[in-house]
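Enquirer: Structure incoming, see below.
Protein chains in written order, with my numbering: chain S, 1453 to 1578; chain V, 62 to 325.
Printed below as a string of structure tokens:
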């Protein structure tokens, strides 16, 4: 199963997700994407960089200090703004891999996080 | 909207307070007349997350000692002087879990006597000397306020958070938090909940609160660490208000559901 197949599978199960991108957050690079509409590369890059900042960036580390010891590295982040939702999930298998998801607020966030982690695990085991 | 007003009221009172609500030392309660003072006592219970002994003193020199934890009244620990204690002695130290518990019913009557004709009441919080048993549920300030026809919301609360989806969400989520701080600009306007967590948030705020991808308009960012630590952080912006909360990760589903409900 190719990476994009995992992403397509996720979108099929969660139609509220308009974009699911898989990236390397250490480099800030989108490696594969499944999207309802073709997004410009700059938009995808910005999405991945937001994920990098939220999960691994300098300020993410400062947020980590506000949480109890042992909270780092951050495992997932949600950004909710203007009726939109972005979800960033770190891979449980490869710490630098992550999913960057754009969805509508109606999505079952818990279920999406759980399924997204499972897909990341599967991708990491390939 | 009741939850929204409740948190707004709490944030206002926190912002106005010279000392945090959980600080030690005796403080005057705000309110005039028995009903307002009763509401003030219930608000003290509602503001008390950690286990505390709350000793209330009126200007007649009478004292009422309540054990409180998790915003719930656990028991009446002490009543003084003996003349006030007479009708209540059999209920002292009896666990309270429901409104219909004899100790809760008797407490309502005791409070009427305690508050009748007094002008000022002070509260002195201390750490609980006895850990409550896990089975001891206590009775929530909300339930007491409803049964006793008292409001946990001040009469004229100045809005700390704007109405609208984000304000509604933040106000509801605040009830699930371990601690929060409210910011006005870059200044901390108020804080509440567990002191250690609030200090962590305050330290973060003093560093400029440069959260990554901080929403430019109304919005929230929620960050979760390793599952073992069991804590998550939320930063929210609503109008001019900025709020940061630390909450148990077990509340994540409720937090996200509240946000979804507020935005639906």
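Backbone N, C-alpha and C fix where the C-beta goes; we use that ideal spot for every residue, glycine too.
(1) Measuring only between beta-carbons, confirm whether residue 319 of chain V sits less than 8 Å from chain S.
(2) Taking CB distances under 8 Å as the criterion, tell me whether residue 63 of chain V reaches chain S.
(3) When you compare the region 97-108 of chain V with the region 127-143 of chain V, are there three or more beta-carbon pairs, one atom per stretch, that lie closer than 8 Å?
(4) Considering only their Cβ atoms, is the gap separating residue 282 of chain V from residue 266 of chain V smaller than 8 Å?
(5) Please list, in chain order, the chain S residues whose beta carbon lies closer than 9 Å to that of residue 261 of chain V.
(6) For residue 192 of chain V, does the three-state DSSP call read helix, strand or coil?
(7) Since residue 198 of chain V and residue 312 of chain V should fall inside the 8 Å C-beta cutoff, what is the C-beta to C-beta distance between them, to a whole number of angstroms?
(8) Would you report the Cα separation of residue 1491 of chain S and residue 102 of chain V, rounded to the nearest angstrom?
(9) State the Cα-Cα distance for the pair residue 172 of chain V and residue 119 of chain V, rounded to the nearest angstrom.
(10) Grouping DSSP H, G and I as helix and E and B as strand, with all else coil, what is residue 209 of chain V?
(11) Are three or more beta carbon pairs between the region 1454-1461 of chain S and the region 1521-1535 of chain S nearer than 8 Å?
(12) Under 8 Å between the Cβ atoms of residue 1568 of chain S and residue 1553 of chain S?
(13) When you compare the CB of residue 1497 of chain S with every CB in chain V, is at least one pair closer than 8 Å?
(14) Whole angstroms are fine: how far does the CA of residue 304 of chain V sit from the CA of residue 248 of chain V?
(15) Taking C-alpha atoms, which residue in V/264, V/188, V/100 lies nearest to residue 212 of chain V?
(16) Between residue 287 of chain V and chain S, is any beta-carbon pair separated by less than 8 Å?
(17) Quick one: which chain V residues come within Cβ less than 9 Å of residue 1549 of chain S?
(18) What do you reckon, are the CB atoms on residue 1540 of chain S and residue 1503 of chain S nearer than 8 Å?
(19) Using DSSP's beta-bridge definition, name the partner residues of residue 244 of chain V.
(20) Might you give, ordered along the chain, the residues of its own chain that have their beta carbon closer than 7 Å to the beta carbon of residue 1468 of chain S, omitting 5 neighbours on each side?
(21) Please confirm if residue 314 of chain V has its CB atom under 8 Å from at least one CB of chain S.
(22) Give the interface partners of residue 1528 of chain S over in chain V, defined as CB-CB distance under 7 Å, in chain order.
(23) How is residue 177 of chain V classed by DSSP in three states: helix, strand or coil?
(24) Hey, does residue 1561 of chain S have any beta-carbon neighbour from chain V nearer than 8 Å?
(25) Measuring only the C-alpha atoms, how far is residue 1584 of chain S from residue 279 of chain V?
(26) Can the beta-carbon of residue 294 of chain V be found closer than 8 Å to that of residue 307 of chain V?
(27) To the nearest angstrom, report how far apart residue 82 of chain V and residue 260 of chain V are at their CA atoms.
(28) Going by C-alpha distance, which of S/1480, S/1506, S/1542, S/1512 is nearest residue 1494 of chain S?
(29) For a cutoff of 8 Å on Cβ pairs, would you count residue 1506 of chain S as touching chain V?
Expert: Judging by the given coordinates:
(1) Chain S, which has no Cβ nearer than 8 Å to the Cβ of residue 319 of chain V, makes this no.
(2) Note that residue 63 of chain V has pLDDT 47, beneath the 50 cutoff, so the model's placement of it is unreliable and no number is given.
(3) Judged by Cβ distances under 8 Å, the region 97-108 of chain V makes contact with the region 127-143 of chain V, as three or more pairs qualify.
(4) Contact flag unset, no.
(5) 1517, 1518, 1519, 1520, listed in chain order.
(6) Of the three classes helix, strand and coil, the one that applies to residue 192 of chain V here is coil, per DSSP.
(7) Incorrect: roughly 19 Å between the Cβ atoms, too far for contact.
(8) Going from the Cα of residue 1491 of chain S to the Cα of residue 102 of chain V covers about 57 Å.
(9) Taking the straight line from one Cα to the other gives about 11 Å.
(10) Here residue 209 of chain V sits in coil by DSSP.
(11) No, they do not touch.
(12) Between residue 1568 of chain S and residue 1553 of chain S, the CB-CB gap stays under 8 Å.
(13) The beta carbon of residue 1497 of chain S does not come within 8 Å of any beta carbon belonging to chain V, so the residue lies off that interface.
(14) Straight-line Cα distance between these residues: approximately 11 Å.
(15) Here the closest residue by C-alpha is V/100.
(16) Cβ-Cβ to chain S under 8 Å: yes for residue 287 of chain V.
(17) Neighbours of residue 1549 of chain S on chain V: none; closest Cβ ~17 Å, over 9 Å.
(18) Residue 1503 of chain S is positioned such that its CB atom lies closer than 8 Å to that of residue 1540 of chain S.
(19) Beta-bridge pairing links residue 244 of chain V to V/249, V/303.
(20) Residues 1555, 1556, 1558, 1559 of the same chain have their beta carbon placed closer than 7 Å to that of residue 1468 of chain S, with the five preceding and five following residues left out of the count.
(21) Closer than 8 Å to some Cβ of chain S, the Cβ of residue 314 of chain V qualifies, so yes.
(22) In chain order: 285.
(23) Residue 177 of chain V: coil per DSSP, three-state reduction.
(24) Yes, contact with chain V.
(25) Residue numbering for chain S in the displayed model covers 1453 to 1578; residue 1584 of chain S lies beyond these limits and cannot be assessed.
(26) One thing to note: residue 294 of chain V has its Cβ within 8 Å of the Cβ of residue 307 of chain V.
(27) Confidence at residue 82 of chain V is low in this model, with a pLDDT of 43, below 50, so its placement is unreliable and no value can be given for it.
(28) Relative to residue 1494 of chain S, the option among S/1480, S/1506, S/1542, S/1512 whose CA is nearest is S/1480.
(29) So yes, residue 1506 of chain S belongs to the interface.
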